[in-house]
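Undergrad: Before we start, here is the structure in question, set down as structure tokens.
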Amino acid sequence: MRGEAILARFGIAPGATVSGVAYGGRFAAAGGAVTETYDPTTGALLARVTGASKDDYDKAASAARDAFLRWRAAPAPVRGEFVRRLGEAFRARKEDLAQLISLENGKILTEGRGEIQEVIDICDLAVGQSRQLFGRVIVSERREHRVLEQWHPMGVLGIISAFNFPAAVPGWGWALALVCGDTILWKPSSLTPLVSIACQQIFHDVTNGTEAEGVFALVVGEGRTVGQTMLDDRRVPLIQATGSCDLGERVTAALGKRGGKSILELGGNNAVVVLADADLDLALPSVVFGSVGTAGQRCTSTRRLLLERSIAPRFVERLQKAYATVQIGDPLDERTLMGPLISKQAVADYTAGLTEIRRQGGKLVAGGNALEKGGGYFVEPAIVRSTKDMPIVAEEIFAPILHVIEVGSLEEAIEVNNAVPQGLSSGIFTNDLRKADTWISAVGSDCGMANVNAGTSGAEIGGAFGGEKMTGGGRQSGSDAWKGYMRRQTNTVNYGSAAVLAQGVKFDV
Ligand code: UN1
Numbered sequence: 056m057r058g059e060a061i062l063a064r065f066g067i068a069p070g071a072t073v074s075g076v077a078y079g080g081r082f083a084a085a086g087g088a089v090t091e092t093y094d095p096t097t098g099a100l101l102a103r104v105t106g107a108s109k110d111d112y113d114k115a116a117s118a119a120r121d122a123f124l125r126w127r128a129a130p131a132p133v134r135g136e137f138v139r140r141l142g143e144a145f146r147a148r149k150e151d152l153a154q155l156i157s158l159e160n161g162k163i164l165t166e167g168r169g170e171i172q173e174v175i176d177i178c179d180l181a182v183g184q185s186r187q188l189f190g191r192v193i194v195s196e197r198r199e200h201r202v203l204e205q206w207h208p209m210g211v212l213g214i215i216s217a218f219n220f221p222a223a224v225p226g227w228g229w230a231l232a233l234v235c236g237d238t239i240l241w242k243p244s245s246l247t248p249l250v251s252i253a254c255q256q257i258f259h260d261v262t263n264g265t266e267a268e269g270v271f272a273l274v275v276g277e278g279r280t281v282g283q284t285m286l287d288d289r290r291v292p293l294i295q296a297t298g299s300c301d302l303g304e305r306v307t308a309a310l311g312k313r314g315g316k317s318i319l320e321l322g323g324n325n326a327v328v329v330l331a332d333a334d335l336d337l338a339l340p341s342v343v344f345g346s347v348g349t350a351g352q353r354c355t356s357t358r359r360l361l362l363e364r365s366i367a368p369r370f371v372e373r374l375q376k377a378y379a380t381v382q383i384g385d386p387l388d389e390r391t392l393m394g395p396l397i398s399k400q401a402v403a404d405y406t407a408g409l410t411e412i413r414r415q416g417g418k419l420v421a422g423g424n425a426l427e428k429g430g431g432y433f434v435e436p437a438i439v440r441s442t443k444d445m446p447i448v449a450e451e452i453f454a455p456i457l458h459v460i461e462v463g464s465l466e467e468a469i470e471v472n473n474a475v476p477q478g479l480s481s482g483i484f485t486n487d488l489r490k491a492d493t494w495i496s497a498v499g500s501d502c503g504m505a506n507v508n509a510g511t512s513g514a515e516i517g518g519a520f521g522g523e524k525m526t527g528g529g530r531q532s533g534s535d536a537w538k539g540y541m542r543r544q545t546n547t548v549n550y551g552s553a554a555v556l557a558q559g560v561k562f563d564v
């Protein structure tokens, strides 16, 4: 069977039933609902994964909590040393994991490799960060007083991750959270449970028999059951969640009731602006990668292309030509540029999305068909000529559909870019310095990420990753995103012998 050798590297036999629950350094005999995971390239069953029952969840969460009580006391650089070893293990298994991602998720191999590289990169960053969890010392208004700020471990980090980045985005969370002194309770997407099981095996390889044993727990399961239990669980003070805007609403509602914190990365509806003065040779590959890469299934995928009117016909023509050369097929074949969508449902969403776009007046100018290809979930990448007032343009359709919208000026481009509810990523192509700087100024793009002469997807881990508005406001990955995984404590220290009150208050007893 296709993929047999890839699965075998992680001890999984095709069609076998494996446990999706692990805590305390080992996989447990799980008793929850069984998830079937499919190869999106062929539609064939890869394996069955037993998810967490209520009882399994409870044991996993307790184990993660117990591990936290020990782990938080380890010096941060010691915790960093484990993350260094995890990074080494991911380096050693990079190709195995990349192939497994291509098999179960359907992204092309180079992107699977890139995804594991992203895990390695965040580990490297986190190791350095483990020696830089700096607080501040603040001058006090009171004599013989000092005010300082410290960052302490938060507790168990719940990770709710999506199918499209089954290893890297959870990796952003666990690598930083571990050096911050937190432990991990991971509910992966039910569409890619094998990738999470493979990662968990590596976690065990590195941490078992050490003081880090048990810092990772895994609970495969549906969002409605296992996910909701986690959202309601006071043992989990912080949840990093990636997914739709609807997921964000559920997370916020549940955490609001119990004072939990969240780091959210929700829907994107990312636009690229190409102005008339732009280098079109530069813009073209960036737009194609943004819209067709990962079969349009990144949160950062380019969904809207805002073209300055005078270049629109020329650029669309070049885009159509480029789209026609995109090789669609087996993501494990190095020549392929676009693999399948994740599921039958995703194909249905693509088709329904295009039908609705046309109903609202959009004109299809490239692609548009689901492809019969050996049982896989393939579609053609599509380009539609749309207008800014079509309501569907404001929605995220998680498929390779690119709206082309004409604009008359930079000002109009900014207005259209900002007119949608989501605010993750954005990019402008221009050679005009003033226009480029306006785009990234306070009156420019309102997104968490705004690029110049670079597309919307493929961010490096060094910057803070995340977006505004319905995208949820969270920041992950680099910069000072680590602060989101810790709790801040302000300390006032009186090293004198008088009880002095702030603001000059007198209260003599
Ligand atoms: C996502 O789609 O949720 O910037 C993450 C990018 C990748 C991460 C995408 N580094 O496209």
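Take 56 as the starting number for the sequence shown in my numbering and just add one per residue. Think of the CB as a built atom: it goes at the ideal place given N, C-alpha and C, for glycine as much as any other residue.
Does any heavy atom of the ligand UN1 sit closer than 8 angstroms to the C-beta of R543?
TA: For the ligand UN1, not one heavy atom lies less than 8 angstroms from the Cβ of R543.
Undergrad: Near K418, which residues of its chain fall below 7 angstroms by C-beta distance, leaving aside the five closest residues on each side in sequence?
TA: Cβ within range, chain order: V439 and R440.
Undergrad: In angstroms, rounded to a whole number, what distance separates the CA positions of S500 and A403?
TA: 32 angstroms
Undergrad: How many whole angstroms separate the CB atoms of G323 and T355, which I take to be in contact at a CB cut-off of 8 angstroms?
TA: Contact check for G323 and T355: beta-carbon distance about 6 angstroms, within the 8 angstroms limit, so the pair qualifies.
Undergrad: Could you please give me the residues that DSSP links to L273 through a beta bridge?
TA: A77 and W241
Undergrad: Cβ of N219 versus every heavy atom of the ligand UN1: is any distance shorter than 8 angstroms?
TA: yes
Undergrad: Taking the alpha carbon of F370 as the point to measure from, which residue in G311, G533, E467 and F484 has its own alpha carbon closest?
TA: F484
Undergrad: Would you tell me roughly how many angstroms separate the C-alpha atoms of D179 and E136, rounded to the nearest one?
TA: Counting only the Cα atoms, E136 lies some 10 angstroms from D179.
Undergrad: Which term fits Y550, buried or exposed, when burial requires 16 or more other beta carbons within 10 angstroms of its beta carbon?
TA: exposed
Undergrad: Figure out for me which residue from I193, L231, F218 and A223 has the closest Cα to the Cα of P208.
TA: L231
Undergrad: Any heavy atom of the ligand UN1 closer than 8 angstroms to the CB of S512?
TA: yes
Undergrad: Which word fits S251, buried or exposed, when buried means at least 16 other C-beta atoms lie within 10 angstroms of its C-beta?
TA: buried
Undergrad: State the Cα-Cα distance for the pair V182 and T238, rounded to the nearest angstrom.
TA: 16 angstroms
Undergrad: Can you tell me which of the three DSSP states R168 falls into?
TA: helix
Undergrad: For a minimum of 4 consecutive residues, which ranges assigned as the alpha helix (DSSP H) are wholly contained in the stretch 454–514?
TA: 465–473 and 488–494
Undergrad: Just reading off the beta strand (DSSP E) that Q400 is part of, what are its end residues?
TA: Segment K399 to R414 is the alpha helix (DSSP H) holding Q400; no beta strand (DSSP E) there.
Undergrad: Roughly how far, in whole angstroms, is the beta-carbon of I460 from the beta-carbon of R359, given that I think they are within contact range, below 8 angstroms?
TA: 6 angstroms between Cβ atoms; contact.
Undergrad: Exposed or buried, which one is F145 when buried takes at least 16 other CB atoms within 10 Å?
TA: buried
Undergrad: Closest to G228 by CA distance: which of D535, G351 and Q415 is it?
TA: It is D535 whose Cα lies nearest to the Cα of G228.
Undergrad: Taking only the alpha-carbon atoms, compute the straight-line gap between R139 and G213 and give it to the nearest angstrom.
TA: Per the coordinates, the alpha-carbon of R139 lies some 22 angstroms from the alpha-carbon of G213.
Undergrad: Short of 6 angstroms in beta carbon distance, which residues of its chain neighbour L141, apart from the five on each side in sequence? Order them along the chain.
TA: C178 and V261
Undergrad: Exposed or buried, T265, counting other C-beta atoms within 10 Å across all chains shown (16 or more means buried)?
TA: exposed
Undergrad: Give me, in chain order, the residues of the same chain whose beta-carbon lies closer than 6 angstroms to that of Q375; leave out the 5 immediate sequence neighbours on both sides.
TA: A421
Undergrad: Identify every residue that forms a DSSP beta bridge with M393.
TA: I383
Undergrad: Is F137 a contact residue of the ligand UN1, with contact defined as CB to any heavy atom under 8 angstroms?
TA: No - the ligand UN1 has no heavy atom lying nearer than 8 angstroms to the Cβ of F137.
Undergrad: Short check: CB of R168 to CB of E150, under 9 angstroms?
TA: Yes, the pair counts as a contact, with Cβ atoms nearer than the cut-off.
Undergrad: Skipping 5 residues on each side, what residues in its chain have a beta carbon closer than 6 angstroms to that of L246?
TA: F218 and I397
Undergrad: Alpha carbons only, please: which of V462, H259, L249 and G429 is nearest the one belonging to I366?
TA: Measuring from the Cα of I366, the nearest candidate turns out to be V462.
Undergrad: Would you decide whether N486 is buried or exposed? Buried here means 16 or more other CB atoms lie within 10 Å of its CB.
TA: Per the 10 Å Cβ criterion, exposed.
Undergrad: Within 10 angstroms of its Cβ, does N424 collect 16 or more other Cβ (buried), or is it exposed?
TA: exposed
Undergrad: Any chance the CB of F48 is under 8 angstroms from a heavy atom of the ligand UN1?
TA: Because the chain spans 56 through 564 in this model, residue 48 falls outside it and cannot be assessed.
Undergrad: Should S251 be counted as a contact of the ligand UN1 given a C-beta to heavy atom distance under 8 angstroms?
TA: no
Undergrad: Excluding the 5 residues preceding and the 5 following S341 in the sequence, name in chain order all residues of the same chain whose CB lies nearer than 6 angstroms to its CB.
TA: G510
Undergrad: In the DSSP output, what is Q544 paired with across the bridge?
TA: Q205
Undergrad: Using 8 angstroms as the cut-off, classify the Cβ of A468 as near or not near the heavy atoms of the ligand UN1, replying yes or no.
TA: Not under cutoff, so the answer is no.
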